[in-house]
Amino acid sequence: MNLRGKQLQVCTCFGKLQFTRLRTSHFTARKLAEYDLAICRAFAFKVRANLTDKAFKMLPFAFPQEPPLPTLDGVRSRINFLAGFKPQIYDCCVNSCLCFVGPHKDLKACIYCKEPRYRANGKP
Numbered sequence: 000m001n002l003r004g005k006q007l008q009v010c011t012c013f014g015k016l017q018f019t020r021l022r023t024s025h026f027t028a029r030k031l032a033e034y035d036l037a038i039c040r041a042f043a044f045k046v047r048a049n050l051t052d053k054a055f056k057m058l059p060f061a062f063p064q065e066p067p068l069p070t071l072d073g074v075r076s077r078i079n080f081l082a083g084f085k086p087q088i089y090d091c092c093v094n095s096c097l098c099f100v101g102p103h104k105d106l107k108a109c110i111y112c113k114e115p116r117y118r119a120n121g122k123p
C-alpha cells in the first residue's frame, strides 16, 4: 500500500470514529430528561450568544417555562454534573504569572514577580 492509500485508510478510520462519537452523543442526548435538555439549551444559548450573566438572569422573564430554569449557578452546576467535570483547584500567583503545579508545586513565591504564594494567614 502506498502513502496515499495509508492516508485514505487513516481518513476513513478517523471518519468512522467521528461518526461513532456523533452517533453516541446523539443517543446520549436522547437519554437526558427534558428538563436537563432545557438547561443545556439555555446554557448553550448563553455561551453562543455571548450573553452576560445579567442578561441570562432575565431569560425566565422573557421566556417563562414550567418548571422554571434554575439560577445561573444552578445551571452551571447541573452542566458540570452532566458533563462529568470535577474541578481541580490549583494555587496561582496573585498576578497570574504562575500556577503552582508540577515543578513549581513546592515554591513559596512566584519565580517571575516574587509575590508570596500564601497570604499572612497562611492561605493561598
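Start counting the sequence shown at 0; every next residue gets the next number (numbering that gives the first Met the number 0).
Ideal placement from N, C-alpha and C gives every residue a C-beta, glycine not left out.
Computed from a prediction, not measured in an experiment: that's the story for all the values here.
Taking the Cβ atom as the reference point for each residue, do residue i and residue j lie within a distance shorter than 9 Å?
i, j, result
"Ile110", "Ile78", "no"
"Asp90", "Cys96", "no"
"Ala41", "Leu81", "no"
"Thr143", "Lys85", "Missing from the structure shown is residue 143; the chain here goes from 0 to 123 and no further."
"Tyr117", "Pro66", "no"
Where does residue i land, buried or exposed, given buried means 16+ other C-beta within 10 angstroms?
i, result
"Ala32", "exposed"
"Ala119", "exposed"
"Phe44", "exposed"
"Phe62", "exposed"
Ordered along the chain, which non-local residues of its own chain (more than five positions away) have a Cβ less than 7 Å from that of residue i?
i, result
"Glu124", "Residue numbering for the chain in the displayed model covers 0 to 123; residue 124 lies beyond these limits and cannot be assessed."
Along the alpha helix (DSSP H) that carries residue i, what are the first and last residues, could you check?
i, result
"Asn94", "Neither: Asn94 is in no alpha helix (DSSP H) and is coded neither H nor E."
"Leu31", "Looking at the DSSP string, Leu31 is not in any alpha helix (DSSP H), and its letter there is neither H nor E."
"Lys59", "Note on residue identity: the sequence assigns Pro, not Lys, to residue 59. Per DSSP, Pro59 belongs to the alpha helix (DSSP H) from Leu58 to Ala61."
"Leu71", "Leu71 to Ala82"
Tell me which same chain residues have a C-beta within less than 6 Å of the C-beta of residue i, skipping the five on either side of it?
i, result
"Lys122", "none"
"Val74", "Ile38 and Phe42"
Give every residue of the same chain whose Cβ lies closer than 8 Å to the Cβ of residue i, excluding the five residues on either side of it in the sequence, and list them in chain order.
i, result
"Cys112", "Cys92, Asn94 and Cys96"
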